[in-house]
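What follows is a short report on a single structure.
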Amino acid sequence: MIVPSKHILAEKLAKATASSIPIMEQYKMLCNGALLPIDSMDVAEYLLNDLMKQMKERNIVFDVSDLPLTTPMEINIARQRLENILAQTDEIKYANKQCNQWKEIADYMSLLIKGGGKIIYDEDNAIEVPKDETPAYLEWILWRAALAIDHLANKPYEMRGFRLDSDFMPVSTAGGGKGDLYCEFDDFTILIEVTMSSSSRQEAMEGEPVRRHVSDAVLKYNKPVYGLFIAVKIDTNTAETFRQGIWYVKGDVKQRLDIVPLSLAQFQMFFMSMFRMKQANPEKLRDLILNCESRRDILEAPAWKQYISIIVTENSEELISGTFKQKNNVPPIIPAGAFLHHITFGDGQVVALDADFPKYSSKSISLPYLRGIPEEVTFSPDGKTLFHERFGEGAIVAYIVVFRNTMVHLSFPKAFDENTLLIE
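Residue numbering for the sequence shown is 76 to 499, as defined by this note's numbering.
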């Protein structure tokens, strides 16, 4: 099928007849660059005028008055400008339809999770993801998902780095040197990075470029920037790299980046929940990222992945049910070395914690917590339970805080729920 803007050119090419010029002469001409119909002044002008007519009929605003139109090359340059305007206009029209196509978008995600395949709706409608083109389709379908969520401050063609054909199907993945999808909203930007890689090579391939792209975006946009890394499967080493989220820019300035890894199935679950309940908006996605990040400072990568899974499921279920779980019983997050202000003792800093390990001792054990938890200890996703390599399972009962004139064991979580202190 030929797009309307190319009909005349296609006709001119089709009418070209066999030449009587000797074959060697034709060969030399092809090697030096054969003439095309658009190299003719008459044809170039005809194509430009036809395109201008089409755009006027569609009420598309354009202006080529600043361009010279005295040679075929100059006329073709003007025509290419109009073709770009026409393509961008059509892409905006396509983007506006995506909110009504969220079910198809979710179905494409299901095919990608399976590594490709086909879904037949009826004898006239089907979708397919070729198995050897899954990387391109993954970028494309996340682009469509972002368009469906809508409220974007940038244009659909400004978001993506990959190329499309005239039917808005993916032709290739994004080139190197920049992120996959830049979703700019009024108050924040979400940079979406995707990969089909799922092995331990995932971290080697994606860890450095994703952090660099998010860092560049932080420097570029005068608003908060969040990274969303999406893969069919998240490797634990990749999760650890993004959990730390450290990047140094020029002058050895340290950045702490906000990057959350989600499996495609997790993103699909939340995406479908938003649309089923007609609550799709970028703030919901931003809040999901922030909720997933809330315990990255106290959890190691395996537990953080588990916590992310819990948060995605809870937030999706809350959207479906329309009821939100009370967070009153959820203990606050106390990062290692956290600074706080107590109403009685003033300013202080967390340096250690007390924990009970019932299977090991009847007394509480103090563990250092100024720079982080000891290597032999890990946090549970609930933020209160600990697992010690020798002592087994335990629970935090107090945080040891050094104030200016004293050191206090503040019971946990009670002392942190009494509005007597503020965690900075």
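Where a beta carbon is used, it is the ideal one built from N, C-alpha and C, also for glycine.
- In this structure, Arg238 and Ser247 form a Cβ contact; the two beta carbons are roughly 5 Å apart against a cut-off of 8 Å.
- Judged by beta-carbon spacing, Arg154 lies within the 7 Å limit of Leu122, meaning their Cβ atoms are closer than that value.
- In this structure Ala376 touches Thr311 by the C-beta definition: roughly 5 Å separates them, less than 8 Å.
- Thr264 has Glu259 and Val300 as its beta-bridge partners, per DSSP.
- Between the C-alpha atoms of Glu393 and Glu179 there is a straight-line separation of about 23 Å.
- With a minimum length of 3 residues, the unbroken runs of beta strand (DSSP E) contained wholly in the region 359-424 fall at 414-417.
- Secondary structure note for Thr311: its alpha helix (DSSP H) is the uninterrupted segment Thr311 to Gln319.
- Counting along the chain, the unbroken alpha helix (DSSP H) around Met127 starts and ends at Met116 to Glu132.
- Counted as a single uninterrupted DSSP element, the stretch harbouring Ala211 is not any beta strand (DSSP E) but the alpha helix (DSSP H) occupying residues Thr209 to Ile224.
- Across the set Asp240, Pro205, Tyr257 and Ile202, the C-alpha of Tyr257 shows the shortest separation from the C-alpha of Leu227.
- Burial is judged here by how many other beta carbons sit within 10 angstroms of a residue's own beta carbon; Arg371 has at least 16 and is buried.
- Here the alpha carbons of Arg287 and His463 stand approximately 35 Å from one another.
- Between Ile364 and the set Gln354, Gly190, Pro336 and Leu126, the nearest pair of CA atoms involves Pro336.
- Assignment of Thr164 by DSSP, reduced to helix, strand and coil, places it in the helix class.
- Residue pairing by DSSP places Glu203 opposite Lys193 in a beta bridge.
- Beta-bridge partners assigned by DSSP to Asp431: Ala470.
- The beta carbon of Ala340 is closer than 7 Å to those of Ile188 in its chain, skipping five residues each way along the sequence.
- Looking from the CA of Val324, the closest CA among Arg156, Ser290, Pro410 and Tyr296 belongs to Ser290.
- Counting along the chain, Ile334 sits inside the beta strand (DSSP E) bounded by residues Ile334 to Ser338.
- Comparing alpha-carbon positions, the option among Gly397, Asp333 and Ala314 lying closest to Ser275 turns out to be Ala314.
- With a contact defined as Cβ atoms closer than 8 Å, Ser437 and Val472 miss out at about 13 Å.
- The DSSP-derived three-state label of Met349 is helix.
- Take Met184, set aside five residues on each side of it, and the residues of its chain with a beta-carbon closer than 7 Å to its own are Ile216, Leu339 and Gln343, in chain order.
- Measuring C-alpha to C-alpha distances from Asn175 to each of Leu222, Ser455 and Ser273 identifies Leu222 as the nearest.
- Within 10 angstroms of the beta-carbon of Gly302 lie 16 or more other beta-carbons, which makes it buried.
- When only Cα atoms are considered, Leu142 and Tyr169 end up about 29 Å apart.
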